[in-house]
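Input: a single structure, listed below in structure tokens.
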Amino acid sequence: MVTEVRAAVEQLLHCYDSHGSVTSSRCWLTQESAIPALALTATGTLREKFRGTSRRHSRWAREVGSRSRKPLTQFTQRGPQTEIGSGVGDIRLRRRRSAAYGGVVLQTERLTLTPVNSRDHDALARLWRTPEVREFLFDGETLGDADVTRIIANSEKDFAAADFGFWTVRERETGILVGTAGLRRLDGGPELEVVYSLDPEHWGRGFAGEAAAAVVAYAFEKLGAARVLAEVDAGNAASIAVIERLGMRPFATVPGALGLMWHYALANPAHAADTA
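Structure below.
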């Protein structure tokens with residue numbers, strides 16, 4: 167255990183020293199792959215390991231603390247709260263509906279997810295037009311204002327009709343918009359697909375995985391989905407890492423605008439138990 171942690175920390179420090187930034191995209195997968203090892207020991211020990219090495223390592227040192235705790239996901243819904251096991255990692259759920267947002271507000275340990283609405287238009291336009299975001303999410307195309315308006319309107323209709331759609335993802339501590347996460351019908355079919363986008367300024371902090379896990383847990387526990395799918399470009403290594411940490415596994419390939427795309431799936435553990 168100690169050897170694993172030491173190796174993970176040394177790998178991270180080497181990456182930071184080589185590329186000069188804790189937010190370097192080249193270090194992102196290194197960070198993510200090291201998380202399981204980092205979570206094996208006490209936060210204090212890891213903080214001491216990072217302390218004094220370099221000021222630029224402090225952000226990851228802070229992040230170690232939150233990664234070593236089990237996340238709590240809350241569903242905000244009017245009425246009594248109910249705690250249930252989600253079957254997605256170690257997430258536990260509380261559910262309450264918020265009429266103010268036209269759907270269910272989700273909370274994790276570090277994030278608040280609220281259904282998108284027209285007030286989010288400008289912030290979402292900026293996020294989705296970021297080159298690193300639109301490269302895979304929209305196959306490199308730049309969305310116009312009408313496109314953003316349409317996505318928001320469709321999400322509002324989906325929440326009204328079926329209790330799912332797109333959520334904005336904000337850091338609870340600061341209220342800053344860090345990305346989006348949501349559920350939609352894959353290719354218009356009956357099954358749900360998890361989708362997400364994250365501001366590059368916040369890459370490497372585990373927000374994408376935390377938000378995606380909350381959305382998938384919601385699909386299982388609130389919507390009763392038998393499974394949740396994901397469609398990802400073969401070249402999108404960061405997104406593949408996120409969905410594989412959720413427990414998703416590939417089952418098919420399809421052609422896409424940028425080349426090969428993988429279809430992933432995660433079965434609802436409750437359904438598996440019922441059929442066992």
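Counting with our numbering, you get residues 167 to 442 for the letters of the sequence shown.
Note that the Cβ used here is the ideal one computed from N, Cα and C, for glycine as well.
The structure presented is a predicted model; accordingly, all values stated were derived computationally and were not measured.
Candidates the options: closest to residue i by CA position
{"i": "glycine 269", "options": "Glu322, Glu301 and Ser363", "result": "Glu322"}
{"i": "tryptophan 369", "options": "Gly341, Gly355 and Ser405", "result": "Ser405"}
{"i": "glycine 375", "options": "Ala403, Gly355 and Val408", "result": "Val408"}
{"i": "alanine 396", "options": "Ala385, Met414 and Leu389", "result": "Met414"}
{"i": "phenylalanine 325", "options": "Thr280, Leu290 and Gly355", "result": "Thr280"}
{"i": "asparagine 320", "options": "Gly348, Leu303 and Glu339", "result": "Gly348"}
{"i": "threonine 340", "options": "Thr278, Gly401 and Tyr384", "result": "Thr278"}
{"i": "leucine 364", "options": "Asp288, Arg292, Ser284 and Glu275", "result": "Arg292"}
{"i": "isoleucine 317", "options": "Val361, Ala391 and Ala431", "result": "Val361"}
{"i": "leucine 432", "options": "Phe386, Ala289, Arg338 and Phe332", "result": "Phe386"}
{"i": "alanine 418", "options": "Asn434, Ala400 and Arg411", "result": "Ala400"}
{"i": "valine 344", "options": "Val271, Trp333, Pro421 and Ala383", "result": "Trp333"}
{"i": "valine 271", "options": "Asn402, Glu357 and Arg338", "result": "Arg338"}
{"i": "valine 335", "options": "Leu352, Gly372, Phe302 and Gly306", "result": "Gly372"}
{"i": "isoleucine 342", "options": "Leu290, Gly306, Thr315 and Leu303", "result": "Leu290"}
{"i": "lysine 388", "options": "Asn283, Leu303, Phe330 and Asp305", "result": "Phe330"}
{"i": "proline 394", "options": "Ala328, Asp305, His429 and Phe302", "result": "The sequence given here places valine at residue 394; proline does not occur at that position. Taking only the C-alpha atoms, the option nearest valine 394 is His429."}
{"i": "valine 398", "options": "Gly390, Glu410, Ala391 and Ala392", "result": "Glu410"}
{"i": "aspartate 286", "options": "Gly355, Val314, Ala327 and Glu357", "result": "Val314"}
{"i": "alanine 327", "options": "Gly306, Thr346 and Arg350", "result": "Arg350"}
{"i": "glutamate 298", "options": "Met427, Ala403 and Pro366", "result": "Pro366"}
{"i": "asparagine 163", "options": "Leu358, Asn402, Gly425 and Leu424", "result": "Outside the displayed range of the chain (167 to 442) lies residue 163, so it cannot be described from this structure."}
{"i": "leucine 426", "options": "Gly390, Asn283 and Phe302", "result": "Phe302"}
{"i": "threonine 346", "options": "Gly306, Arg295 and Val282", "result": "Val282"}
{"i": "arginine 300", "options": "Asn402, Gly355, Tyr384 and Pro421", "result": "Asn402"}
Those residues which DSSP pairs with residue i across a bridge
{"i": "glycine 345", "result": "Val335 and Leu364"}
{"i": "threonine 280", "result": "Thr334"}
{"i": "arginine 350", "result": "Glu359"}
Simplified DSSP state of residue i, which is helix, strand or coil
{"i": "threonine 315", "result": "helix"}
{"i": "glycine 306", "result": "coil"}
{"i": "glycine 210", "result": "In this prediction, glycine 210 has a pLDDT of 37, which is less than 50 and means its spatial position is unreliable; what the coordinates show is noted afterwards. Helix at glycine 210."}
{"i": "arginine 113", "result": "With the chain running from 167 to 442 in the structure shown, residue 113 is simply not present."}
{"i": "aspartate 324", "result": "helix"}
{"i": "tryptophan 286", "result": "Reading the sequence as shown, one finds aspartate at residue 286 and not tryptophan. DSSP places aspartate 286 in helix when its eight states are reduced to three."}
{"i": "valine 188", "result": "For valine 188, the predicted model reports a pLDDT of 39, less than 50, meaning its position is unreliable; a value from the coordinates is still stated below. Residue state, collapsed to three classes: coil."}
{"i": "glutamate 198", "result": "Only weak support exists for where glutamate 198 lies, its pLDDT of 45 falling under 50; the coordinates are left without a value."}
Do the region 374-385 and the region 309-318 meet, that is, are 3 or more Cβ pairs less than 8 Å apart?
-> Segments in contact, no.
List in chain order: all unbroken beta strand (DSSP E) runs of 3+ residues lying wholly within the region 385-440.
-> 393-399, 415-422 and 425-433
Could you tell me which uninterrupted alpha helix (DSSP H) segments, each at least 4 residues in length, are contained entirely in the region 360-389, listed from first to last along the chain?
-> 373-387
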